[in-house]
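Q: Number 226 in UniProt numbering belongs to position 226 of the sequence shown; there are no gaps in the numbering.
For each residue, glycine too, the CB sits at the ideal point set by N, CA and C.
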Amino acid sequence: MAPTDLDDLIHLPGPLTEDAVLRALQARFAANHHYTNIGPILLSLNPFNDVGNPLTLSSTRGIPLNPKLVRVVQDAVRQQSETGYPQAIILSGGSGSGKTYTSMLLLRQLFHVAGGGPETDAFKHLAAAFTVLRSLGSAKTNTNAESSRIGHFIEVQVTDGALYRTKIHCYFLNQTRVVRPAKNEKNYHIFYQMLAGLSPDERMKLNLDNYSIHNLNYLRHGDTCQDEAEDAARFQSWKACLGVLGIPFMDVVRVLAAILLLGNVTFVDKQGAPATEVAVEGDAELAAVASLLGVPVGALCRGLTIRTHNVRGQLIKSVCDANMSNMTRDSLAKALYCRTVATIVRRANSLKRLGSTSGTLSSDSNESVHNQAEVASQHASTVGTAGSKSSKSMAALNNAVRHATDGFIGILDMFGFEDPQPSQLEHLCINLCSETMQHFYNTHIFKSSIESCREEGIRSDVEVDYLDNVPCIDLVSSLRTGLLSMLDVECTVRGTVESYIQKVKVQHKSNSRLYEPRPLEARTFGIHHYAGRVVYDASDFLDTNRDVVPDDLVAVFHKHSSNFGFATHLFGSELKALFARDTAPRGLSFRISPTSHTDLQNGDEPVSTLTQDFHTRLDNLLRTLVHAKPHFVRCVRTNWCEAVAQFERAAVMQQFRSLQVLETVNLMAGGFPHRFRFKVFNARYRLLAPFKRLRRSDDRVLEDSHTILQSFALAQQSDQAKESSACSTSSVSTSWATGKRHIFLSEGARQQLEEMRNSKRHDSAVLIQSTWRGWHLRMRWPALRRTLEMQLANCVTKNNAGTASRPRPQPIAGTPPPDAAEKCDHKMIQQTCSLFGLDLERPPPVPPSRSYTVTGNTKLGYPQTRLMKMAFPEDGGVDNVVLPKGESVVVVGASHRRGHLVVEHSNCTLHVPFQYLELKATQQQRGVSI
Ligand SMILES: Nc1ncnc2c1ncn2[C@@H]1O[C@H](COP(=O)(O)OP(=O)(O)OP(=O)(O)O)[C@@H](O)[C@H]1O
């Protein structure tokens, strides 16, 4: 087999080595095959030939979908429908490896299969939400010009076979970027798009008429290159999409403009003045920010520079120094930004049931809806027989129904692993997330299969040695001694960065995952991650982790002093908690990121830190994922510089090692990566065994499993005999093993079983369909034949009269050409004919003419009296017998000529086409009702 045809790496011939895998993939890449399977896992290579795509649902419209991506979606939809279990398509890989690109294609396909396609309101709504969120949540980084800085999980809920609703869960927004984009990187795309796309009038209203990327502090310190035309176009579609979501455009841009202008407000310590005063540089900008946020400028200035302290119950006010004031200003900018994003996500998710506009599952999945009900009823019946109390079984039934119908299909596109210089606390969180996803993959693919083989005494031919990244996750996030927990403690005791680093080094001095980078610096440490080493600069760790805005500042947005409802709404929960008591402000600190109202009721301290919050979100995500069936898509970038179609072996190899591609190929080709409970195995594959040999009772499941496997082995032997001449060199195992509770299957065996199952189901479907079609056609044949004869007779008459020749039969308009795959196989036709005793060579016999006619709901026998609708024959007739128009004639029966009736008139017998004769209901001609 040519390497380019090798679409599953488990069939790689010869010894499985890193070099062989790389060579095969490079050959496929050169032939434009960017997707390759490793059993059920999909490996995607990013060719970078669409850099510059805004990566929204709309911008990926014209991209042809690879069949392998279609398969991933179809599998997820089918499995969700068959089992009722939620499904999660998990995309992983480093930054720039193509996760977002692929997730957009998958989401489009998911709508195509389960959501009624791109014309539904649900799709348009989600597409609009994505366009809005992409601009707000993506930015140019050193490695990716369209890097997602929000991790998201898109949940598509499917109920009763129809898409019920979509939900976007966003995890963690990189806040520091809003106020301090790293060197050569950019702030969030929306700011650049806004500056390029606002009309002069809008710019004036937003006080931005004299500003550009080059004089706005939050933008000018990063990369300032811009494609204005492109940004302006993106801004127009962003604006339109806000409208689709029903979010007032002016409200959002007022906040964004205020953030940009806040960056130009700088507090400096007054020279020679008492330490209690700071001066403002950028009064005009401060006034503009206040007017944009609808608050008095004095109140805003006080909110930024004055802090209330609660000293043993006594409230004391103090003036902050310039440094503190500038930090508060940055906190406000971050809070405004991430709360605006959160509000938009909430708004996008608030669409309730999608009503008539939602699509239904395609025919492939309709069958599955039926299966869901079956699964539910199976749950119910088991519970019903076992449970004693009816209420219990009712609850179980409800649960089962909910379980069967409330599943979702999710697409997870989290941030990719990255190593910017310097790496900050938020990068540590992003890399922890990446580590956690890698651990999830390891557990699902390697750990669970290796451990269950060991538990049930199954020996596999290959020993898979994978790298477990638990030590690294423990180092960062273990409950007491993890770096993040220690950081929380340091924030509580008001420690310093140096003391924090010192404590970390002492605590983890023997941990090989932690290392000291060279040259030695007091504020840095290095971590050996699964995807490489990263040096972190902890200078801002404590402040970033505290993540607070003082209540003095939040209080400014209370509706008493603010006339801009949107800004008040952004701090809604905090304002409610703050003004629930008489004194406000009273020295509280709130989180920069939005906090729920319930969390705020717990006391006067901020409920969590940035890293605790991140942890909680990650935990929630994992809780969702462990209940779902995962479908992994592993993304790999083919070079580090976003060059089109360039396969750099070193870059790919590095990612292969971190993603453990070779280990995965080894396991899939030679191990037992799949296991089924006996009952589940039987339910899925029993159609492969002879029906009569199966016991189909609960206590004989093992016996039935063996029977099925025997049939499978026989089929394998006959296949092998056929293929022996092909002399395949693939080393893929097609073996299985029976354990104590499970049947263990190699990937090769699973693929063969699935192939046989599909072909059996296909053959059976063809048999049923052809049988039914045969029966149906025979039932219609008499009428069909009469019509055809009539048409023939008419044509012949016209031909004889020298008029137009018989027209060629035309295809029925709109009928697609027959699909080759749908053609009945000849063997099947033979089987059907022999089943019904039909002769293959001759058409079915034409049934005799009926001895009655049907009018309305009445059967009327012969003879009948009818009226001539027009003269017959029109040309005078052979014996000069003419039936004039309006003449009453006696019809004695149906003619042997199709479509004609026999009329007795003046001792002559005439065969008259029935359209010449009108049936008149008379007293004498009463028929039988049918
Ligand atoms: N299959 C593909 N074909 C063509 N271009 C692609 C493909 N996949 C990705 N790209 C391009 O590569 C770049 C990086 O892709 P993308 O942003 O999806 O990566 P990512 O893994 O989501 O990165 P991050 O984790 O930083 O968000 C984008 O410019 C995208 O247009």
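In this structure, how does DSSP classify residue 894 when only helix, strand and coil are distinguished?
A: Residue state, collapsed to three classes: strand.
Q: Looking at the secondary structure, which residues open and close the beta strand (DSSP E) in which residue 859 lies?
A: Per DSSP, residue 859 belongs to the beta strand (DSSP E) from 858 to 861.
Q: Report all residues from its chain with a CB closer than 8 Å to the CB of residue 249; omit the five preceding and five following residues, and keep chain order.
A: The answer, listed in chain order, is 239, 242, 243.
Q: Is the beta carbon of residue 854 closer than 8 Å to that of residue 871?
A: No; because the gap between Cβ atoms is not below 8 Å, this pair is not in contact.
Q: Which stretch, first to last residue, makes up the alpha helix (DSSP H) that contains residue 589?
A: That residue, residue 589, is in no alpha helix (DSSP H); its beta strand (DSSP E) goes 589 to 591.
Q: Is the CB of residue 120 under 8 Å away from at least one CB in chain C?
A: Structure shown: chain C not included; a single protein chain is present.
Q: Out of 704, 920, 752, which one is the CA nearest neighbour of residue 720?
A: With distances taken between Cα atoms, residue 720 lies closest to 752.
Q: Quick check on DSSP: helix, strand or coil for residue 7?
A: Three-state result, residue 7: coil.
Q: Between the alpha carbons of residue 280 and residue 258, how many angstroms are there, rounded?
A: Rounded to whole angstroms, residue 280 to residue 258 spans 16 Å at the Cα level.
Q: From this set, 308, 706, 460, which residue's C-alpha is nearest residue 935's C-alpha?
A: For the chain, the structure presents residues 1 to 930; residue 935 sits outside this window and is missing.
Q: Given a threshold of 16 other Cβ atoms within 10 Å of its Cβ, counted over all protein chains shown, does residue 583 qualify as buried or as exposed?
A: So residue 583 ends up on the exposed side.
Q: Applying the criterion that 16 or more other CB atoms from any shown protein chain within 10 Å of the CB defines a buried residue, is residue 552 buried or exposed?
A: With 16 or more Cβ atoms within 10 Å of its Cβ, residue 552 is classed as buried.
Q: Quick check: the segment 85 to 95 against the segment 48 to 59, are there 3 or more CB pairs under 8 Å?
A: In short, these stretches do not touch, since the Cβ pair count stays below three.
Q: Could you tell me the boundaries of the alpha helix (DSSP H) in which residue 610 lies?
A: Unbroken alpha helix (DSSP H) run through residue 610: 610 to 626.
Q: Check whether the Cβ of residue 565 sits closer than 7 Å to any heavy atom of ligand 1, and report yes or no.
A: Every heavy atom of ligand 1 is 7 Å or more from the Cβ of residue 565, so no.
Q: What are the start and end residues of each continuous beta strand (DSSP E) run of 3 or more residues lying completely inside the segment 76 to 103, in chain order?
A: Here the runs fully enclosed are 87 to 92.
Q: How about residue 55: is its Cβ closer than 7 Å to a heavy atom in ligand 1?
A: Residue 55: yes, Cβ under 7 Å from ligand 1.
Q: By DSSP, does residue 530 sit in helix, in strand, or in coil?
A: Looking at residue 530 - three-state DSSP - the assignment turns out to be coil, as it is neither helix nor strand.
Q: Flag this pair as yes or no: are the beta carbons of residue 570 and residue 340 separated by less than 8 Å?
A: The answer is yes: Cβ separation under 8 Å.
Q: Have a look at 498, 536, 690 and flag the residue whose alpha-carbon is nearest the alpha-carbon of residue 714.
A: Answer by Cα proximity: 690.
Q: Just grab the DSSP bridge partners of residue 950 for me.
A: Lying before the first or after the last residue shown, residue 950 is absent from the chain, which here runs from 1 to 930.
Q: Counting along the chain, where does the beta strand (DSSP E) carrying residue 36 start and finish?
A: Element bounds for residue 36: 35 to 38.
Q: If you draw a straight line from the C-alpha of residue 367 to the C-alpha of residue 80, how long is it?
A: Model confidence at residue 367 stands at a pLDDT of 29, short of 50, so the residue's coordinates are unreliable and nothing is read from them.
Q: In three-state terms, what does DSSP make of residue 360?
A: Any reading at residue 360 must be qualified, since the residue scores a pLDDT of 29, below 50, and its modelled position is unreliable; the value itself is stated next. In this structure, residue 360 counts as strand in the three-state DSSP scheme.
Q: With a threshold of 8 Å on Cβ separation, who are the neighbours of residue 228 within its own chain once the five nearest residues in sequence on each side are excluded?
A: The answer, listed in chain order, is 196.
Q: Answer yes or no: the CB of residue 146 versus the heavy atoms of ligand 1, is any distance below 7 Å?
A: Result yes, Cβ under 7 Å from ligand 1.
Q: Leaving out five residues on either side along the sequence, give the residues of the same chain with a beta carbon under 6 Å from the beta carbon of residue 562.
A: Closer than 6 Å at Cβ, skipping near neighbours: 294, 295, 568.
Q: Quick check on DSSP: helix, strand or coil for residue 56?
A: Coil, per DSSP.
Q: Closest by CA to residue 193, which one among 350, 62, 95, 54?
A: It is 54 whose Cα lies nearest to the Cα of residue 193.
Q: Quick one: is the Cβ of residue 227 within less than 7 Å of any heavy atom of ligand 1?
A: Outside the cutoff, so no.
Q: Is the Cβ-Cβ distance between residue 936 and residue 28 less than 8 Å?
A: Absent from the structure is residue 936, since the part of the chain shown begins at 1 and ends at 930.
Q: Helix, strand or coil for residue 324? Go by DSSP, reduced to three states.
A: DSSP places residue 324 in helix when its eight states are reduced to three.
Q: In the DSSP assignment, the beta strand (DSSP E) including residue 214 goes from what residue to what residue?
A: Taken as a continuous stretch (DSSP letters only), residue 214 belongs to no beta strand (DSSP E), as it is neither H nor E.
Q: Just how far apart, CA to CA, sit residue 136 and residue 170?
A: So the alpha carbons of these two residues sit roughly 12 Å apart.
Q: Rounded C-beta distance between residue 487 and residue 500? I'm assuming under 8 Å.
A: The Cβ separation is near 6 Å, so the contact holds.
Q: Please give me, in chain order, every unbroken run of the beta strand (DSSP E) with length at least 3 that falls completely inside the segment 534 to 561.
A: Fully enclosed beta strand (DSSP E) runs of 3 or longer: 548 to 550.
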